[in-house]
Each structure stands twice: as structure tokens, then as C-alpha cells.
Amino acid sequence: MAYATDLNTRAQNSFGARFSSLIVDLKARMARRSVYKTTLRELSSLSDRELNDLGLSRSMIRRVAYQAAYEM
């Protein structure tokens, strides 16, 4: 009986660890997406002249926002 109980406990811990890992991963993805959306919104609100001062063009905004969020 002790052996069967031990296996059951390990299975529950494994599920708990996987679930916890899933939650941590989901939060990290949400945080990265938030950085992407914020950067995209802020760069899009700039005028062409302000973007030019930064060395950017309108066509580069999505790439720069992606790099800011996902290539840290």
C-alpha cells in the first residue's frame, strides 16, 4: 500500500509542477505581448518627423516592437 500511495503522490506533484509551469509560461507570454502592444502603440503615435529623428520609418514599427518584446 505504501508503494501505491507513493506513486499517487508523485503523480500529483508532477501534475502540480506542470500546471504551475504552464501558469508561469502564460504570464510570461502575456507580459511579452503587453510590451509588444505598448511599443507598437507608442511608436505609431509618433509623427514621421519624430520617427525619422529616431532613425525609423513607419514600415519598421512592427519589427522594432517585436524585437523589443521577444528578443530581449
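Just so we're aligned, residue 1 is where the sequence shown starts under my numbering, counting upward by one. Glycine included, every Cβ here is placed at the ideal spot set by N, Cα and C.
{"Item": "Under the rule that 16 or more other beta-carbon atoms within 10 Å means buried, what is alanine 65, buried or exposed?", "Value": "buried"}
{"Item": "Secondary structure at glutamate 42, three-state DSSP: helix, strand or coil?", "Value": "helix"}
{"Item": "For serine 47, name the three-state secondary structure that DSSP assigns.", "Value": "coil"}
{"Item": "Within this structure, are the beta carbons of isoleucine 61 and serine 44 separated by less than 7 Å?", "Value": "yes"}
{"Item": "Cutting at 7 Å between CB atoms, please list the residues of its own chain near serine 20, excluding the five before and the five after it.", "Value": "none"}
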